[in-house]
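The structure under discussion appears below in the form of structure tokens.
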Amino acid sequence: MFRDETGRLTAALVRALGDFDLAEELVQEALLEAVEHWPKEGIPDKPGAWLLTTARRKAIDQFRRQARYREKLALLEGASMRDDTAEGDDRLRLIFTCCHPALSREAQVALTLRAVAGLTTIEIARAFITSEATIAQRIVRAKRKIVEARIPYRVPAERDMGERLEEVLAVLYLMFNEGYLATAGERASRRDLAEDAVWLAGLMVRLMPEEPEALGLLALMRLHLARADSRFDVEGNLVLLQDQDRSKWDRERIATALVVLQGAAALRRSGPYQLQAAIAACHAEARSWEATDWQQIVALYDVLLELMPSPIVQLNRAIAHRYLEGAASALPEVDALQEVLDDYYLFHATRAELLRDLGRVAESRAALARALELTANPAERTLLQRRLG
Amino acid sequence: MKYVLLFGETKERAKQWESMPEAQRQAAYAPINQWFEKYGNKITGGHELQPERTATTVKFNNGRPVVTDGPFIEGKESIGGYAEVTVADLDEAIEMAKGWPTGGLVEVRPVVDRGEPQR
């Protein structure tokens, strides 16, 4: 939350102490104290000076004990379990505060990236192709709301946990998609938010190992990333799943994702992320497009629809249905979504494919043209234009 | 920490409420009364407000007061009442708002703290 001050403070301490590691540690300690005190007492007028004073005090404490310092360090390592738990609790508190539902989704994302993942404001701005001032303002507003409306700094109570965890995971998945769906050209100049999101999901899993949906989200992200390299050809054009070179898939990453997913399943509380990961796993495990287990995928979509009855999930189910039963039987399922998904380009792109399969060429071309109107993503536009011929 | 919960209704629902037969309205009040009872020790003030049609707004044109008919919030919703609550933090205030039984909206706003001793 206070990354702005962190860089300057770290630099000042590194200069004074000549020890980068120690300086970093002191800054972290000072930040943790700030996070404890500021929500209760308000942000001080000069937060940087406050942090510096606090960090200095910590340094002096450490130097006093210098004589037996190394000895104590060894002891600390032995007692690392307890320290990890305390540190873990602090980080969880931080995550849940950053992702509090009283903050806008945009603010949750920016705050989490800065306070938890340690990105600078500039890095966040670049990742979202927006100005540094916009992100900075978003963060300032969010911090102000945390203090003024007294958003508590704590891990939610048991009865709110389900809802609040869902909020955190939604923030991380949005972050992931922002990075993952960026086109190859954009990727070169953008920070890889997908990797940040995977790191954060991994952190959540470490801090809350008994939460199957956190595991599910981590597995889902890893399964997507395992295929990332084959999603674009050498010219940066989008390559669809059915045309991807499966030898380029990261088998090791897939294997670790499957282990994570099994760990989630063992906890016997199913959920949307686990189901989506299970669907992704079906694709990842199929040796070829033809070998895909569509029956299993349709069945998983049916369960997912019960938990998450969204039209997008319905559309995806219809697409899987097409490969199981054919275009003629999938088309009515797609057409039924016309009203809700009329502004969604993939709805029209999907319809175009089905109509083409059924030999209804003119209607297919009209649907493709409509899809093209609805997307600005250059990679997707190229793909659609190629189909239009 | 003090918050004010502003209870909003869509104008349509506010009208429905008004046109209810007395017996039905009494019945509809029961869950609301229960809510006030449940949180009685946290509620430090508040009122139900007369319908929006009773509202009068005073605004200032170049510093001159001008009295007009109607509320100053223009929109689909209107404020039907408010409660002042004293709780530990926003989560507790949100918890109360989530239990509000009318199906209307609840806006949660912290009041300005001038540093008076807290209850």
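For the record, the sequence lines run as chains A and B. Under this note's numbering, think of the first position of the first sequence as 101, with each following residue one higher. Under this note's numbering, think of the first position of the second sequence as 40, with each following residue one higher. The C-beta atom is built at its ideal place from N, Cα and C for all residues, glycine as well. Remember, it's a predicted structure, so these values are computed and weren't measured experimentally.
Think of a sphere of 7 Å around the beta carbon of Glu248 (chain A): the chain B residues whose beta carbon falls inside it are Pro149, in chain order. Taking 8 Å as the upper bound for CB-CB distance, Glu113 (chain B) and Leu144 (chain B) are not in contact here, some 16 Å apart. Using beta-carbon distances, Ala236 (chain A) does not count as an interface residue toward chain B, since no partner is under 8 Å.
Within the region 381 to 392 of chain A, no residue has its Cβ closer than 7 Å to any Cβ of chain B.
Look at Pro149 (chain B) here: in three-state DSSP terms it is strand. Against chain B, a Cβ distance below 9 Å from Ile251 (chain A) picks out Asp128, Leu129 and Asp130. Per the C-alpha coordinates, the member of A:Glu439, A:Arg327, A:Ala430 and A:Val209 positioned closest to Gln344 (chain A) is A:Arg327. The beta carbon of Ala436 (chain A) does not come within 8 Å of any beta carbon belonging to chain B, so the residue lies off that interface. Under the Cβ distance rule, Ala242 (chain A) does not count among the residues neighbouring chain B, no pair being separated by less than 8 Å. The C-beta of Asp402 (chain A) has fewer than 16 other C-beta atoms within 10 Å across all chains shown, which makes the residue exposed. In the DSSP assignment, Arg103 (chain B) is bridged to B:Asn100.
The beta carbon of Lys146 (chain A) is closer than 6 Å to none in its chain, skipping five residues each way along the sequence.
DSSP places Asp443 (chain A) outside both helix and strand once states are collapsed to three, so it counts as coil. The C-beta of Ser464 (chain A) has 16 or more other C-beta atoms within 10 Å across all chains shown, which makes the residue buried.
Under a 10 Å Cβ-count criterion, His324 (chain A) is classified as buried, with 16 or more other Cβ atoms of the shown protein chains found around its own Cβ. Positions of the beta strand (DSSP E) runs, each at least 3 residues long and wholly inside the region 390 to 457 of chain A, cannot be given because no such run exists. CA-to-CA, the gap between Ala366 (chain A) and Ala381 (chain A) works out to about 16 Å.
Only those residues of the region 199 to 215 of chain A whose C-beta falls short of 7 Å from the nearest C-beta of chain B are listed: Ala202. The C-beta of Met135 (chain B) comes no closer than 8 Å to any C-beta of chain A.
The criterion of a C-beta distance shorter than 8 Å is satisfied by Gly371 (chain A) and Glu313 (chain A). The DSSP-derived three-state label of Thr220 (chain A) is coil. Met59 (chain B) is outside the set of residues whose beta carbon lies under 8 Å from a beta carbon in chain A. Leu468 (chain A) is not a Cβ neighbour of Arg486 (chain A), given a cutoff of 8 Å. Counted as a single uninterrupted DSSP element, the beta strand (DSSP E) harbouring Leu44 (chain B) occupies residues Lys41 to Thr49. Here the region 296 to 305 of chain A lies against the region 258 to 277 of chain A, with 3 or more beta-carbon pairs under 8 Å apart. In this structure, the straight-line span from the alpha carbon of Arg153 (chain B) to that of Ala319 (chain A) is close to 49 Å. Between the beta-carbon of Ile71 (chain B) and that of Thr141 (chain B) there is about 7 Å, and that keeps the pair under the 8 Å contact cut.
Thr234 (chain A): member of the alpha helix (DSSP H) spanning Glu232 to Glu248, first to last residue.
Counted as a single uninterrupted DSSP element, the beta strand (DSSP E) harbouring Ala122 (chain B) occupies residues Glu116 to Thr125.
For the pair Ser347 (chain A) and Val339 (chain A), the CB atoms are not nearer than the 8 Å cut-off. In this structure, Met135 (chain B) sits away from Val151 (chain B), with a CB-CB distance that is not shorter than 8 Å. In the three-state DSSP reduction, Asp350 (chain A) falls in the coil class, being neither helix nor strand. In the three-state reduction of the DSSP assignment, Thr95 (chain B) falls in the strand class. For Glu206 (chain A), the enclosing alpha helix (DSSP H) covers residues Arg205 to Leu211.
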